[in-house]
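Residue numbers (the working numbering): 51 to 357. Following: one structure in structure tokens, then a few remarks.
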């Protein structure tokens, strides 16, 4: 886990029981966390500074913040991009968006009351008069973590860095590793290198969630690890979904029905791709999946919707 330094001037750690500046600001505004929207606000001031540090932004940078909430992390980001930079903060809850505007008055901040899943990243930036390159940062409600992450990874203009706070177990799945890959870790690795930067207990939030959280940072590759055309990337995603459709099963059992291929043909493809049929999907690397992809596209393109 890479260490990050606390933000300058931050000495006070709020507890997740309603103490601190952020809960007080919400109460003054007559607002309460809404469970239906997955609102658990990060109130640990040291952690807010460390997340902003992990984003590695500085003067002149553009930041797309997803899930601004009452503006705790927003303030840290704005302080780091000034002068000359921009923070475009997106918040679904209009009352919270208004509170963030009032708590962080700055010409370098634009708070948009919008559902991030309804727009492309470049559309949100353009609405605020900004554009790429940019860094994406957020404390995401756990129930939308995966769709938001996929949208950022698949953006026409993807961010150069993604720094998001997610449920700890999901963070481990995103990072993956030797013989413990997941569908999400492999799709993420097509974009960049993922690491866990920081872990946080439930006491860092208000109200306290029932799970621990972790901050992940994904650095975009200078050059992609696989040279894939858009259609090939879609086919690879389909192949990965097939392989992970029943992750506990061995590949020679899960892939034939998932791809609609006879078992003997699938075994022959695995052998030619130099993949042991008894392995599970989590054991394969991206180059393994690419070799198998090329063979399936060449021999059975309809199995991946490419024919």
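Using N, Cα and C, we set each Cβ at its ideal position, and we do this for glycine too.
Residue burial annotation: residue 211 is buried, with at least 16 other C-beta atoms found within 10 angstroms of its C-beta. Note on geometry: alpha-carbon atoms of residue 165 and residue 318 lie some 47 Å from one another. DSSP places residue 115 in the uninterrupted beta strand (DSSP E) bounded by 112–116. DSSP, reduced to helix, strand and coil, places residue 186 within a strand of the structure shown.
Using a 10 angstroms sphere on the CB of residue 277, the tally of other CB atoms stays under 16, which defines it as exposed.
DSSP, read as helix, strand or coil, puts residue 196 in helix. For residue 215, the uninterrupted beta strand (DSSP E) run begins and ends at 211–217, by DSSP.
Taking a C-beta distance under 8 Å as the contact criterion, residue 249 and residue 264 qualify as a contact pair. One thing to note: residue 216 has its Cβ no nearer than 8 Å to the Cβ of residue 193. Between residue 283 and residue 208 the beta-carbon gap is near 13 Å, outside 8 Å, which marks them as no contact. Residue 181 holds the alpha-carbon nearest to the alpha-carbon of residue 205 among 181, 294 and 225. In this model, residue 310 and residue 348 are separated by some 16 Å (Cα to Cα). Comparing C-alpha distances from residue 315 to each of 335, 353, 169 and 174 shows the shortest one belongs to 353.
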